[in-house]
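Heads up: the protein sequence lines correspond to chains H and F, in order.
Read in order, the letters of the first sequence correspond to residues 1 to 425 in my numbering.
Read in order, the letters of the second sequence correspond to residues 1001 to 1162 in my numbering.
Report on the following structure.
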Amino acid sequence: MGKTMSEKILARAAGVSGASAGDILWVNVDRAMMDDILGPRVEIAAKMLEIKDEVWDKDKVVVISDHYTPPASIKQAEIVKFTRDWAAAHGIENYHEFVGPCHQIMAEYGHVRPGTVVLGTDSHTCMGGALGAFASGVGSTEMLGILVTGKTWLRVPETIKVTWRGKLPPGVMAKDMSLKTIGIIGHAGATYKTVEYVGDTIEALSIDERLAITNMAVEMGAKAGLMAPDAKAVEFLAARGITGGYELIVSDADASYCATHDFRADALGPVVACPHEVDNVAPVGDVKGTAVHQAYIGSCTGGRYSDLEAAAAVLKGRKVKKGVRLLVSPASQDIWQRASASGLLATLAAAGAVILAPTCGVCVGLHSGLLADGEVCISATNRNFIGRMGSKNAKIYLGSPLTVAASAITGKITDPREFVREVGA
Amino acid sequence: MNGIVAGKVLKYGDNINTDIISPPQYMELSIPEAAKYAMSAIDPDFAAKVRQGDILVAGVNFGSGSSRETSPLTLKHLGVGAIVAKFFARIFYRNAINLGIPVIECADTDKISDGDLIEIDLAQGVIVNKTKNEQYACSKIPPHILALIGEGGLVPYLKKTV
Ligand code: SF4
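As structure tokens, this is what we get:
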């Protein structure tokens, strides 16, 4: 019987010759990531003083200030300062701040590599699975254990195979595939498991687009969302100066899966996740006409270059509806610069968009654009839980960057195919 | 710990996610301050009514969403003695154990009501509902995890071993 990617990667990390779903292994962690909101300040810094105030391997620890940047209050500024000082005091050279949401930075700075184990104090760490890493979120106390020992125990998960076949129609994005999958599997349908995405649709996607899918694996309760690393992954890393020191680990053809789901990309239309659960997924047509007050394109899910490009294609020469605010936060400083140099940001701004810093702020309601009572937001992010983006009496719909852009133009939830016949073709 | 936890039930429904338990807008506060807002989106009185040793009982998928440890930390701070749900989201489950909070899976949580007095035998996997005079099967906590919970979580354990 063959092995899944999860079984192989975790066996490698545990230094054992083979592992099967259900085994509990002590694995060596290749990268341990902490952000500002859930990193050193929560339990870690204080408790390490009581145990051993030294990390097991400085080069394997990455600290990123992203949620509270730029700070909107003195408390937030203090947290960022604390995080920065803690990293410096512990000799962490991989400290990044003000450059964008942690998961995008982990990928861009080459910290996520195929075949490795990446654990972070943030649930969307699973995004790294698009590059073939076993990447997963952990809590602060568990991170503390990793920081002092370099290891943690993991149960090797069973794997659900999700196959996408066919070509995405114009106006439909990887984000729609992500939401559709979650709608079918359900918000707890993959709890404790890996979701592995395969098929010609996945193979045809760029790394940018793949990241938008694995990012949301945790929205099904999954421990990891994996894709086979291929030439595109190798190229993505090479462009960031990473040319070796990793292994392309893929599932065997006869690996065993606990469930399989098959989807057709060519039959997919734009979908949205309705309040207040991510699996409350409906065709955009079912809720079209719902008035929106805020439209948001950004985050580690929906703020990559290709997302901005798609949005700009719809917004070019058009205007955001009066009374609606369109906020755009490129997912990293690098994307911000590229989008600036290529004129994308100018196109978006000309349509009326407010261009923000690369940050988590809006996505998780910390700063830069919160929702008031009774307001509705259409967002390219990954979570629409009650109260997430501000008032608990606000509503969040999740959609693709194209759906967000189209809705910003009309002021109500809109099928982007009304504007795009050619984008995505 | 002798593996028995008893307390009064605070009953909630399905999908009590981490944005409900720890609203993000208050996460910059200290745990005691943030705890005042725990669960406020669905129950503004939660922090005021929870008493030391109370047991949260809920439906499916308790703790879904974020990895934020502020969720179990605020519940612990408020005195929650154990959490029973049909099943838990993965990261929350691990966080709770690492902080020394017993988390128990039970298929029969619909039979338990707000205000019931229950007693959980963690090692045997049995919940006794003293108010209703009923008994339900629940997940057992294996001895080594029970020991970890008994120590108060992962930190005291690491202090002994690192
Ligand atoms: S952008 Fe949103 S989902 Fe991504 S890391 Fe930041 S808060 Fe989390």
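Where a beta carbon is used, it is the ideal one built from N, C-alpha and C, also for glycine.
Values in this document were obtained by computation on a predicted structure and should not be read as measured data.
- Within a 10 Å sphere around the beta-carbon of residue 1114/F sit fewer than 16 other beta-carbons, which makes this residue exposed.
- In the DSSP assignment, residue 1060/F is bridged to no other residue.
- Shown in chain order are the residues whose CB sits closer than 5 Å to a heavy atom of ligand 1: 101/H, 124/H, 299/H, 300/H, 360/H, 363/H, 364/H.
- The Cβ-Cβ distance between residue 1152/F and residue 141/H does not fall below 8 Å.
- For residue 196/H, the nearest beta carbon of chain F is not closer than 8 Å to its own beta carbon.
- As computed with DSSP, residue 35/H is found in a beta bridge with 64/H.
- Of the residues assessed, residue 49/H falls on the exposed side of the cut-off, its CB having fewer than 16 other CB atoms within 10 angstroms.
- Under the 8 Å criterion on CB atoms, residue 98/H is classed as non-interfacial with respect to chain F.
- In terms of Cβ geometry, residue 134/H and residue 9/H form a close pair [threshold 8 Å].
- Within chain F, no C-beta atom comes nearer than 8 Å to that of residue 298/H; the closest sits roughly 16 Å away.
- At least one CB atom of chain F sits nearer than 8 Å to the CB of residue 388/H.
- Excluding five sequence positions before and after residue 415/H, the CB atoms of its chain that fall closer than 8 Å to its own CB belong to 171, 269, 270, 284, 285, 288, 403, 406, given in chain order.
- What residue 150/H touches in chain F, judged by beta-carbon distance under 9 Å, is nothing: the nearest beta carbon there is about 11 Å away.
- Assignment of residue 126/H by DSSP, reduced to helix, strand and coil, places it in the helix class.
- Closest in C-alpha terms to residue 323/H, from the list 147/H, 292/H, 197/H, comes 292/H.
- From the beta-carbon of residue 17/H, no residue of chain F is found nearer than 7 Å; the closest lies around 25 Å away.
- Within the DSSP bridge table, the entry for residue 1135/F names 1128/F as partners.
- With a threshold of 8 Å between beta carbons, residue 1110/F makes no contact with chain H.
- Counting only runs of at least 3 residues, the region 1026 to 1060 of chain F fully encloses the following beta strand (DSSP E) elements, listed from N- to C-terminal order: 1055 to 1057.
- In terms of beta-carbon proximity, residue 362/H stays away from the interface with chain F, with every pair separated by 8 Å or more.
- With a threshold of 8 Å between beta carbons, residue 47/H makes contact with chain F.
- For the C-beta of residue 1159/F, the chain H residues within less than 7 Å are, from N- to C-terminus, 50, 51.
- 1089, 1090, 1091, 1094, 1095, 1098, 1099: these are the residues of the region 1088 to 1100 of chain F whose beta carbon lies less than 7 Å from some beta carbon of chain H, given in chain order.
- Between the alpha carbons of residue 26/H and residue 267/H lies a distance of about 43 Å.
- Collapsing the DSSP output to three states places residue 256/H in coil.
- Residue-level contact check: residue 1023/F touches chain H, since one or more beta carbons of chain H fall below 8 Å from its beta carbon.
- For residue 1061/F, the residues of chain H that pass the 8 Å Cβ criterion are 187, 188, 191, 221, in the order they occur in the chain.
- At the C-beta level, residue 360/H and residue 96/H stay beyond 8 Å of one another.
- A residue is called buried once 16 or more other Cβ atoms fall within 10 Å of its Cβ, and residue 378/H is buried on that count.
- For residue 309/H, the enclosing alpha helix (DSSP H) starts and ends at 305 to 315.
- DSSP, read as helix, strand or coil, puts residue 134/H in strand.
- Looking at the DSSP output, residue 390/H sits in a beta bridge with 371/H.
- Judged by DSSP in its simplified three-state form, residue 159/H adopts strand.
- Among the residues facing chain F, residue 116/H is not included, as its CB has no counterpart in that chain under 8 Å away.
- Residue pairing by DSSP places residue 262/H opposite 163/H in a beta bridge.
- DSSP links residue 4/H through a beta bridge to no other residue.
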